[in-house]
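Chains as they are written, first to last, in the working numbering: chain A, 381 to 559; chain B, 381 to 559; chain C, 381 to 559.
Down below is the structure, laid out as structure tokens.
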Amino acid sequence: MAYTLQQLSDFEDIRTLKHRYYRAIDTADVALLDTLFTDDVSVDYRGGGYRVTLTGRQEMVDFLASSFHSDFAGMHYGHMPEITLTGDDEAEGIWYLEDIAIFTDSGVHTSGSAVYKDRYRREDGRWKIAHTEYDRIVEVVRKLTPDEKVTAHYLAKAGLKPHERKDISHLITWFDEAA
Amino acid sequence: MAYTLQQLSDFEDIRTLKHRYYRAIDTADVALLDTLFTDDVSVDYRGGGYRVTLTGRQEMVDFLASSFHSDFAGMHYGHMPEITLTGDDEAEGIWYLEDIAIFTDSGVHTSGSAVYKDRYRREDGRWKIAHTEYDRIVEVVRKLTPDEKVTAHYLAKAGLKPHERKDISHLITWFDEAA
Amino acid sequence: MAYTLQQLSDFEDIRTLKHRYYRAIDTADVALLDTLFTDDVSVDYRGGGYRVTLTGRQEMVDFLASSFHSDFAGMHYGHMPEITLTGDDEAEGIWYLEDIAIFTDSGVHTSGSAVYKDRYRREDGRWKIAHTEYDRIVEVVRKLTPDEKVTAHYLAKAGLKPHERKDISHLITWFDEAA
């Protein structure tokens with residue numbers, strides 16, 4: 381009832397793949413992001429006040445780079461993976477997101493949690509994210525108080541400036557805030 | 381000085397067991413919770429303002445389902461396991477809890493951390509939680525501000541409604557808030 | 381393309397090393413801290429409002445014990461490791477820090493994230509931290525509100541009292557808060 385070396389290695393590599401994803405979005409590492417998804421990646425994020433649906437690696441990278449931009453400060457943590465190998469080169473994963481998102485210009489502060497259901501595929505020896513979706517579990521929205529100071533903000537320099545961002549509005553639907 | 385395949389597999393499965401626990405409590409997945417504990421599970425949670433002690437799987441599942449109910453929004457994250465195999469079918473684990481708990485009716489918001497000491501036992505080939513206890517490290521209590529909106533609340537639908545909850549008051553002792 | 385048993389074991393042990401580090405600093409477990417670093421450990425923490433540089437195990441343990449003292453409440457979580465084995469007894473690791481730090485006397489509350497680049501070395505069969513550095517990604521500073529109560533504070537008892545602390549001011553440079 382033990383896993384094989386290959387299976388244990390796959391668990392390690394799939395975890396690291398997802399860990400890289402979170403680091404890459406919060407530091408706007410677009411070159412790294414570009415290596416993490418299959419060409420046909422599909423996305424469905426069901427947030428409290430929004431829904432994101434998109435398809436394809438280029439659309440995903442554009443969405444991420446233009447969402448987590450120079451007026452955004454994000455802390456995205458992926459916790460507590462439950463990974464299942466479903467084939468030699470296919471796997472599924474459940475993850476628990478913890479996130480804090482601050483729009484530094486408007487001062488809107490969103491925090492919460494979500495449960496992901498992912499699919500992974502190995503291509504040319506490397507695991508990639510083939511599908512990712514989540515449902516929000518908790519989401520809380522408030523404004524930064526006058527007393528509250530953002531004293532480090534990596535994306536201010538690393539993130540895309542307003543004129544560099546792509547229009548991604550067709551990928552997001554915004555809802556009323558009623559829970 | 382390397383672990384065996386079996387030992388490495390046990391580390392994986394024990395982690396996943398605990399990961400499932402956190403997902404199950406925050407989404408009120410009682411069917412999943414029911415599979416995670418030994419029949420003789422024992423619990424001792426030493427919080428800042430409370431202490432929980434109980435014994436037995438049914439009492440544990442009742443406690444969890446009636447604590448994390450439809451007027452509660454919880455984010456429970458289990459971090460940084462230190463797992464030790466103490467027998468072929470026995471293990472111990474230290475985990476670091478990060479949690480945010482919101483009573484959505486009263487607006488009481490509790491956040492903090494705790495260090496768990498767990499024991500696990502394998503029964504019929506599956507690892508289960510046989511004992512779990514924690515000590516609070518930090519706990520902070522405040523009220524939601526008028527500006528602060530809960531914009532997603534999964535347990536509002538999935539959690540037990542008031543008339544469905546069991547009386548678990550005998551399992552909890554509440555203290556004064558003096559630290 | 382699978383890892384060996386030794387490599388998988390090293391991943392496990394390096395993770396556990398770092399997990400112990402976080403538990404030890406938040407509970408002022410100086411005896412445990414003393415076992416986690418090489419004698420020549422080097423540190424460079426580039427925070428939002430501070431920079432810490434130091435060298436040597438004793439200086440590191442002194443710094444940690446006198447930073448996380450009886451008037452400090454800390455929650456430090458190390459997430460999402462990306463570990464690379466660079467030799468039989470050498471490894472590198474990227475980690476993502478999530479932290480909340482409360483000075484309980486002044487009420488200053490700092491929260492944020494950072495990305496670590498660590499190096500590890502195996503000595504006498506045990507992995508130790510040989511180098512650790514981080515860059516802040518996000519840092520937010522505020523004061524506890526009058527409504528906000530610290531209801532558990534482990535370091536109040538376990539942490540060093542004022543007269544027990546060493547002068548570590550030469551290890552820290554404080555900056556203006558301008559982001």
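Where a beta carbon is used, it is the ideal one built from N, C-alpha and C, also for glycine.
Just so you know, these numbers come straight off a predicted model, no measurement behind them.
Classify C/Ala-445 as helix, strand or coil using the three-state DSSP reduction.
helix
Per-residue contacts from B/Gly-458 into chain A (C-beta, under 8 Å)
His-459, Met-460
Mind checking if A/Met-381 is an interface residue toward chain B, Cβ cutoff 8 Å exclusive?
yes
What does B/Leu-388 touch in chain C if you count any residue whose Cβ is under 8 Å from its own?
Leu-385, Leu-388, Ser-389, Glu-392
Local Cβ density within 10 Å of A/His-550, reported as buried at 16 or more and exposed below that
exposed
Would you give the residue range spanned by the alpha helix (DSSP H) that B/His-399 belongs to?
385-406
Just to confirm my understanding: we take A/Tyr-476, look at its own chain, exclude 5 residues before and 5 after, and list those with CB closer than 7 Å. What are they?
His-459, Met-460, Ser-493, Val-495
Which same chain residues, not among the five before or five after C/Arg-403, have their C-beta less than 8 Å away from its C-beta?
The answer, listed in chain order, is Asp-409, Leu-412.
Near-chain A residues of the region 399-415 of chain B - C-beta to any C-beta below 7 Å
His-399, Arg-400, Tyr-402, Arg-403, Asp-406, Thr-407
Paired residues, beta bridge with B/Ser-549 - DSSP:
Bridge partners of B/Ser-549: none, in fact.
Buried versus exposed, by CB contacts within 10 Å (16 or more), B/Gly-427:
Looking at its Cβ environment, which holds 16 or more other Cβ atoms inside 10 Å, B/Gly-427 is buried.
What is the C-beta distance between B/Ala-445 and A/Ile-517, in whole angstroms, given that I count them as a contact (C-beta under 8 Å)?
B/Ala-445 to A/Ile-517, Cβ: 16 Å. No contact.
Run through the region 411-477 of chain C for me and flag every whole beta strand (DSSP E) of 3 or more residues, listed as ranges in chain order.
417-426, 430-435, 452-467
Rounded Cβ spacing between B/Ala-471 and B/Ile-482 (contact assumed at less than 8 Å)
About 33 Å; that fails the 8 Å criterion.
Those runs of the beta strand (DSSP E) which lie wholly inside the region 480-510 of chain B and span at least 3 residues:
488-503
Are the C-beta of A/Tyr-534 and some C-beta of chain C separated by less than 8 Å?
At a cut-off of 8 Å between beta-carbon atoms, A/Tyr-534 makes contact with chain C.
In chain A, what lies closer than 7 Å to B/Ala-453 by C-beta?
Val-518, listed in chain order.
Interface partners of A/Lys-523 on chain B, CB under 8 Å:
Asp-527
Distance, A/Pro-542 Cα to C/Gln-438 Cα
48 Å
For the region 504-518 of chain B, which residues have a beta carbon sitting closer than 9 Å to at least one beta carbon of chain A?
Gly-505
My assumption, with CB atoms under 8 Å, is that C/Ile-394 sits in contact with C/Trp-507. Please give the rounded CB distance.
5 Å
C/Glu-392 beta carbon less than 8 Å from that of B/Tyr-383:
yes
Quick check: what's the CA-CA separation for C/Thr-418 versus B/Tyr-430?
A straight-line Cα-Cα distance of about 40 Å links C/Thr-418 and B/Tyr-430.
Just to confirm, are A/Met-455 and A/Asp-527 a CB contact at a threshold of 8 Å?
no
For C/Asp-547, count neighbouring C-beta atoms within 10 Å of its own C-beta (all shown protein chains included) and say buried if the count is 16 or more, exposed if not.
exposed
Return helix, strand or coil for B/Glu-528, following the three-state DSSP convention.
coil
Determine which residues share a DSSP beta bridge with A/Asp-376 and list them.
Outside the modelled stretch of chain A, which goes from 381 to 559, sits residue 376 of chain A, for which no answer is possible.
Quick check: is the beta carbon of B/Val-488 nearer than 8 Å to any beta carbon in chain A?
It does not; no Cβ of chain A falls within 8 Å.
Residues near C/Tyr-457 by beta carbon distance below 6 Å, same chain, minus five either side
The answer, listed in chain order, is Glu-478.
Would DSSP call B/Lys-537 helix, strand or coil?
If DSSP states are grouped into helix, strand and coil, B/Lys-537 belongs with the helices.
Using the C-alpha atoms, what's the distance from A/Arg-501 back to A/Ile-509?
7 Å
Whole-Å CB distance - A/Tyr-425 paired with A/Glu-544, under 8 Å assumed
A/Tyr-425 to A/Glu-544, Cβ: 23 Å. No contact.
B/Asp-498 and B/Gly-473 look like a contact to me (Cβ under 8 Å); what is the Cβ gap, rounded to whole Å?
4 Å
Starting from the Cα of B/Thr-415, find the closest Cα among B/Leu-434, B/Ala-538, B/Val-520, B/Gly-505 and give me that residue.
Among B/Leu-434, B/Ala-538, B/Val-520, B/Gly-505, the Cα nearest to that of B/Thr-415 is on B/Gly-505.
Throw me the rounded Cβ distance for the B/Val-521 and C/Lys-529 pair, which I believe falls under 8 Å.
So it is a contact: roughly 5 Å between Cβ atoms.
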